[in-house]
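Participant: Chains A and B are the protein sequences, given in the same order. Per numbering that gives the first Met the number 0, residue 0 is the first one in the first sequence, and the count goes up by one each step. Per numbering that gives the first Met the number 0, residue 0 is the first one in the second sequence, and the count goes up by one each step. Every residue, glycine too, gets a C-beta built ideally from N, C-alpha and C. Please read all numbers here as calculations on a predicted model, not as lab measurements. My questions all concern the structure below.
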Amino acid sequence: MIRKNILAILLLAPLLFLKPAAAVAAEQPETVCIQCHGSMPDRLGAPVNLWRGSIHAENGISCNGCHGGDPKDAANAMSPQRGFLGAPKEKDIPAFCGRCHPGVYKDYLASAHGRALGAGGPTCVTCHSNHQVMKASLALINEKSCTRCHSFERAKAIRDAMSGTEARIVGISGRIAQFQVSGVDTEKMGKALFAVRNRFHTLFHDVDVNRVKNESAAINKELDKLDAALKVIDDEHARRRVVGGIAVAAALLLAILFHLMKKTYD
Amino acid sequence: MLNRLYRWLDLRYGIGEIAEKELTGYLLPRNINEWYSLGSVLLVIFAIQVVTGMLLMIYYVPDADKAFKSVSFIMNEVPFGWFIRLCHAVGSNMMVAVLLMHMLSTLMMGSYKAPRELNWVTGFTLFALVQGISLTGYLAPWSQLSFWATTVATNSVSAIPVLGPTLVEFLRGGKLVGPATLGRFFALHAAVLPVVIAAFIGAHLFFLKRTGISAPPFGRDETANPFEAREYHYQGHPGGIPFFPNYALQDLSSISIYFAVFLAVVFFWPNMPFTPDAFVPADPFKTPAHIKPEWYFLANYQTLKIFPSELLGLSVQAAAMTFLALLPFIDRSPERHPLKRPLFLTLAIAGILLWIALSVWGHLS
């Protein structure tokens with residue numbers, strides 16, 4: 000009886016040292032900007048909630064990423080000595096965003112939108128919103144948004160010319176990612192797609208319909224080459240699966256054959 | 000022609016006598032079952048690992064700056080390189096899986112009991128060595144997965160009191176995992192461990208040949224082990240079935256089934272041994288979010304996490320491994336039928352369920 004009790008104690012004792020898995024996870028610390036403004040009402044607190052649904056929040060870009068300041072020191076968080084910039088004036092918005100998006104800034108300035116800056120033309124936040132910053136996508140070119148300033152006709156023509164190309168880029172990107180996680184050397188294709196995608200993104204701020212159409216056609220030719228390269232890999236993998244199927248079937252047949260031969264000796 | 004060659008060799012080396020003794024005249028128990036063929040399957044797997052490993056060494060460069068690119072080159076440029084690399088990577092997982100099944104059948108059929116204690120001890124050591132060769136091979140591709148899994152694995156050694164930090168530095172060849180670690184692990188993986196494993200396989204087979212194969216505890220024969228420690232006695236099986244052709248065909252059948260499963264994984268589930276981090280070059284400054292060890296280390300990994308100190312986690316694992324290694328010296332009852340050993344069966348099932356639960360928990364955590 001005593002031996003059984005000792006055995007039970009020995010077997011169960013380690014359980015006393017277990018700790019719940021929930022205790023392992025640690026909370027992420029928030030910046031002092033979020034801590035203060037998050038609890039403020041109205042105008043001063045609203046940006047926090049808007050930011051939480053933004054592409055910036057998704058990518059870990061917090062308030063100080065745009066507005067500067069010290070996100071760890073509540074007392075000096077908004078001190079200009081710590082790099083605090085505050086909110087830009089309307090005509091300064093493109094340059095403000097352009098610190099991190101210089102290519103887009105250049106394209107914007109070259110477009111009709113950029114040329115109208117300071118004369119009633121749109122800035123970055125007109126289309127992408129401020130705080131709840133929306134990811135650059137063709138969905139931003141929509142009737143509701145564009146008709147605030149002009150008719151949708153030209154914008155629609157541009158969007159239609161680009162939507163097919165975007166779908167192709169997304170599709171090819173997915174296929175490359177899939178190959179990459181199965182050991183295929185996708186470095187060259189990845190670089191080529193990166194270049195094509197950048198070229199495509201320059202069109203996002205172009206409002207010249209003919210140029211967008213011509214450029215989209217040229218980009219599609221580049222995508223054709225990537226498609227062809229991916230098809231070669233797809234075909235090769237399909238061939239491997241056929242050979243694999245034959246090899247597996249042959250091994251199973253051999254197993255059955257050896258089993259039947261063994262039966263004849265039993 | 001074959002007859003002439005046979006007569007020529009037999010006249011000089013007596014191969015007929017060897018064949019009679021080791022093949023046609025080597026009798027096995029009539030109630031022998033399929034589980035006994037797992038040993039032969041493991042020999043085939045080890046041979047495949049050795050051959051594919053040698054082929055990989057032709058192009059693999061064990062240098063931190065070149066290892067990842069060389070593996071990528073093997074996968075993409077070398078003819079059938081992808082196949083050889085996948086066979087090696089999938090094979091290492093299959094070797095652990097089949098080894099676990101082999102050990103489980105030995106446990107259930109009580110084949111580890113006297114006079115076969117050393118068969119078990121050498122087999123158990125082989126299990127530890129196979130885990131070791133898998134761990135050292137894991138670093139070879141120098142990917143994010145390799146780098147961080149090795150960092151975590153070697154770090155756990157630091158929990159050993161007094162010697163821990165020194166041991167970690169010795170294993171890594173420095174404070175952190177780096178080029179020196181790759182050199183050490185590659186030497187262990189490609190030169191030291193294969194030779195040690197081959198030696199232990201030799202010892203395992205030597206003990207098997209000297210004690211004779213055990214009869215299964217169910218079926219036609221008696222369930223009790225007839226061993227009595229008076230004098231050396233080879234356990235033969237008069238009236239049994241010959242190894243060749245009878246059981247050799249069973250071995251071939253099991254090996255073919257193994258190949259079917261193995262090739263199915265290689266051709267249809269080639270990502271099984273990898274995670275996406277396995278295809279990103281090692282970056283010591285970028286820790287991946289969820290780095291996990293191989294499936295057979297998940298229970299160990301989770302055990303280390305659930306105890307408040309790593310030392311306690313390591314001690315519990317060491318105690319469990321020592322208990323298993325010395326099982327034949329602890330469990331001395333001659334009874335081998337699992338249903339007539341209720342305490343053993345309960346502990347064995349509880350142990351297996353605990354291992355599975357810890358592995359699943361480790362995977363999901």
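Indicate the three-state DSSP secondary structure (helix, strand or coil) for residue 152 of chain A in the structure shown.
Facilitator: Translated into positions along the first sequence, residue 152 of chain A becomes position 153. In this structure, residue 152 of chain A counts as helix in the three-state DSSP scheme.
Participant: Quick one: what's got a C-beta closer than 6 angstroms to residue 284 of chain A's C-beta in the same chain, skipping five residues either side?
Facilitator: This structure cannot settle anything about residue 284 of chain A, because the visible part of chain A is limited to 0 through 265.
Participant: Please state whether DSSP places residue 334 of chain B in a helix, a strand or coil.
Facilitator: Mapped onto the second sequence, residue 334 of chain B falls at position 335. Residue 334 of chain B falls in the strand class under three-state DSSP.
Participant: Give the straight-line distance between the Cα atoms of residue 218 of chain B and residue 31 of chain B, rounded to the nearest whole angstrom.
Facilitator: Indexing the second sequence from 1 puts residue 218 of chain B at position 219. Indexing the second sequence from 1 puts residue 31 of chain B at position 32. Cα to Cα, the separation comes out at about 9 angstroms.
Participant: If distances are taken between C-alpha atoms only, which option among B:334, B:322, B:211 comes closest to residue 35 of chain B?
Facilitator: For the purposes of this step, residue 35 of chain B is taken as residue 36 along the second sequence, with counting starting at 1. The option with the nearest alpha carbon to residue 35 of chain B is B:211.
Participant: Where does residue 240 of chain B sit, in a helix, a strand or coil, going by DSSP?
Facilitator: Start at 1 with the first residue of the second sequence, and residue 240 of chain B comes out as number 241. It is a strand residue.
Participant: Are the C-beta of residue 192 of chain A and some C-beta of chain B separated by less than 9 angstroms?
Facilitator: The residue given as residue 192 of chain A occupies position 193 in the first sequence. Taking Cβ atoms only, chain B never reaches closer than 9 angstroms to residue 192 of chain A, which makes this a no.
Participant: From what residue to what residue does the alpha helix (DSSP H) around residue 50 of chain A run?
Facilitator: In the first sequence, counting from the first residue as 1, residue 50 of chain A sits at position 51. Counting along the chain, the alpha helix (DSSP H) containing residue 50 of chain A begins and ends at 41-51.
Participant: For residue 188 of chain A, would you say it is in contact with chain B, using Cβ-to-Cβ distances shorter than 9 angstroms as the test?
Facilitator: Stepping through the first sequence from its first residue, residue 188 of chain A is reached at position 189. Not one chain B Cβ lies under 9 angstroms of residue 188 of chain A.
Participant: Looking at the strands, I want to know which residues DSSP matches up with residue 27 of chain B.
Facilitator: Here residue 27 of chain B refers to the residue found at position 28 when the second sequence is read from its first residue. Answer by DSSP bridge pairing, in chain order: B:240.
Participant: Less than 9 angstroms between CB atoms is the rule here; does residue 365 of chain B satisfy it with respect to chain A?
Facilitator: Chain B is shown only over 0 to 364; residue 365 of chain B falls outside these bounds and no answer can be derived.
Participant: Within 9 angstroms of any Cβ in chain A, is that where the Cβ of residue 309 of chain B sits?
Facilitator: Residue numbering aside, residue 309 of chain B sits at position 310 when the second sequence is read from its first letter. It does not; no Cβ of chain A falls within 9 angstroms.
Participant: Quick one: is residue 324 of chain B near chain A, going by C-beta distance under 9 angstroms?
Facilitator: On the second sequence, position 325 is the one that residue 324 of chain B refers to. False, the Cβ-Cβ gap to chain A never drops below 9 angstroms.
Participant: For residue 164 of chain B, write down the residues that DSSP places opposite it in a beta bridge.
Facilitator: What you label residue 164 of chain B is simply residue 165 of the second sequence in a count that begins at 1. Its beta-bridge partners do not exist; DSSP assigns none.
Participant: Per DSSP, residue 142 of chain B is paired with what?
Facilitator: Translated into the one-based positions of the second sequence, residue 142 of chain B becomes position 143. The partner list for residue 142 of chain B (beta bridge, DSSP) reads B:280.
Participant: Pull up the CB-CB distance for residue 158 of chain B and residue 313 of chain B, whole angstroms please, since I reckon it's below 8 angstroms.
Facilitator: The count along the second sequence starts at 1 and reaches residue 158 of chain B at position 159. The count along the second sequence starts at 1 and reaches residue 313 of chain B at position 314. The Cβ separation is near 5 angstroms, so the contact holds.
Participant: By the 10 Å Cβ neighbour count, where 16 or more other Cβ atoms means buried, how is residue 242 of chain B classified, buried or exposed?
Facilitator: For the purposes of this step, residue 242 of chain B is taken as residue 243 along the second sequence, with counting starting at 1. Result: buried.
Participant: Can you check whether the CB of residue 141 of chain B is closer than 9 angstroms to the CB of residue 181 of chain B?
Facilitator: On the second sequence, position 182 is the one that residue 181 of chain B refers to. On the second sequence, position 142 is the one that residue 141 of chain B refers to. Their beta carbons are under 9 angstroms apart, which means residue 181 of chain B touches residue 141 of chain B by this criterion.
Participant: Looking at the structure shown, is residue 35 of chain A part of a helix, part of a strand, or coil, going by DSSP?
Facilitator: Position 36 of the first sequence, counting from 1, holds the residue named residue 35 of chain A. Three-state DSSP puts residue 35 of chain A in a helix.
Participant: Measuring CB to CB, does residue 155 of chain A end up less than 9 angstroms from residue 165 of chain A?
Facilitator: As a first step, residue 155 of chain A is located in the first sequence; it is residue number 156 there, counting from the start. As a first step, residue 165 of chain A is located in the first sequence; it is residue number 166 there, counting from the start. Contact flag unset, no.
Participant: Suppose contacts are defined by Cβ-Cβ distances below 9 angstroms. Is residue 31 of chain A in contact with residue 69 of chain A by that definition?
Facilitator: As a first step, residue 31 of chain A must be located in the first sequence, where it is residue number 32. As a first step, residue 69 of chain A must be located in the first sequence, where it is residue number 70. Contact: yes.
Participant: Cβ atoms of residue 95 of chain B and residue 309 of chain B: under 9 angstroms apart, would you say?
Facilitator: To locate residue 309 of chain B, count along the second sequence from 1; it is residue 310. To locate residue 95 of chain B, count along the second sequence from 1; it is residue 96. No; because the gap between Cβ atoms is not below 9 angstroms, this pair is not in contact.
Participant: What does a CB cutoff of less than 7 angstroms around residue 134 of chain B pick up in its chain, not counting 5 residues either side in sequence?
Facilitator: Working through the second sequence from its first residue, we reach residue 134 of chain B at position 135. Correct list, in chain order: 152.
Participant: So what does DSSP say about residue 265 of chain B, is it helix, strand or coil?
Facilitator: Residue mapping note: residue 265 of chain B aligns to position 266 of the second sequence, counting from 1. Looking at residue 265 of chain B - three-state DSSP - the assignment turns out to be helix.
Participant: Comparing C-alpha positions only, which one of B:118, B:77, B:68 sits nearest to residue 38 of chain B?
Facilitator: Mapped onto the second sequence, residue 38 of chain B falls at position 39. With distances taken between Cα atoms, residue 38 of chain B lies closest to B:118.
Participant: Mind checking if residue 160 of chain A is an interface residue toward chain B, Cβ cutoff 9 angstroms exclusive?
Facilitator: As a working note, residue 160 of chain A is residue 161 in the first sequence. No, because no Cβ of chain B sits closer than 9 angstroms to the Cβ of residue 160 of chain A.
Participant: In whole angstroms, what is the alpha-carbon distance linking residue 274 of chain A and residue 195 of chain A?
Facilitator: The structure shown does not extend to residue 274 of chain A, since chain A is modelled only from 0 to 265, so the question has no answer here.
Participant: Taking the alpha carbon of residue 113 of chain A as the point to measure from, which residue in A:129, A:187, A:89, A:231 has its own alpha carbon closest?
Facilitator: For the purposes of this step, residue 113 of chain A is taken as residue 114 along the first sequence, with counting starting at 1. Residue 113 of chain A has its Cα closest to that of A:89, out of A:129, A:187, A:89, A:231.
Participant: For residue 257 of chain B, which residues of its own chain have a beta-carbon under 6 angstroms away from its beta-carbon, when the five flanking residues on both sides are left out?
Facilitator: Your numbering for residue 257 of chain B matches position 258 in the second sequence. Closer than 6 angstroms at Cβ, skipping near neighbours: 40.
Participant: Is it the case that the Cβ atoms of residue 139 of chain B and residue 331 of chain B are separated by a distance below 9 angstroms?
Facilitator: On the second sequence, position 140 is the one that residue 139 of chain B refers to. On the second sequence, position 332 is the one that residue 331 of chain B refers to. Not closer than 9 angstroms, so no.
Participant: What residue range does the alpha helix (DSSP H) around residue 301 of chain B cover?
Facilitator: Here residue 301 of chain B refers to the residue found at position 302 when the second sequence is read from its first residue. Segment 297-305, the alpha helix (DSSP H) holding residue 301 of chain B.
Participant: Measuring CB to CB, does residue 286 of chain B end up less than 9 angstroms from residue 203 of chain B?
Facilitator: Looking up residue 286 of chain B in the second sequence gives position 287. Looking up residue 203 of chain B in the second sequence gives position 204. No, Cβ-Cβ distance for residue 286 of chain B and residue 203 of chain B is not below 9 angstroms.
Participant: Any C-beta of chain A within less than 7 angstroms: which residues of the segment 234-263 of chain B qualify?
Facilitator: Per Cβ criterion, the list reads 244, 245, 248, 249, 251, 252, 255, 256, 258, 259, 262, 263.
Participant: According to the Cβ coordinates, are residue 132 of chain B and residue 69 of chain B closer than 9 angstroms?
Facilitator: As a first step, residue 132 of chain B must be located in the second sequence, where it is residue number 133. As a first step, residue 69 of chain B must be located in the second sequence, where it is residue number 70. Not closer than 9 angstroms, so no.
Participant: Can residue 250 of chain A and residue 255 of chain B be called in contact, C-beta distance under 9 angstroms?
Facilitator: Your numbering for residue 250 of chain A matches position 251 in the first sequence. Your numbering for residue 255 of chain B matches position 256 in the second sequence. Yes, they are a contact pair.
Participant: First and last residue of the alpha helix (DSSP H) that includes residue 130 of chain A?
Facilitator: The sequence position of residue 130 of chain A within the first sequence is 131, counting from 1. Taken as a continuous stretch (DSSP letters only), residue 130 of chain A belongs to no alpha helix (DSSP H), as it is neither H nor E.
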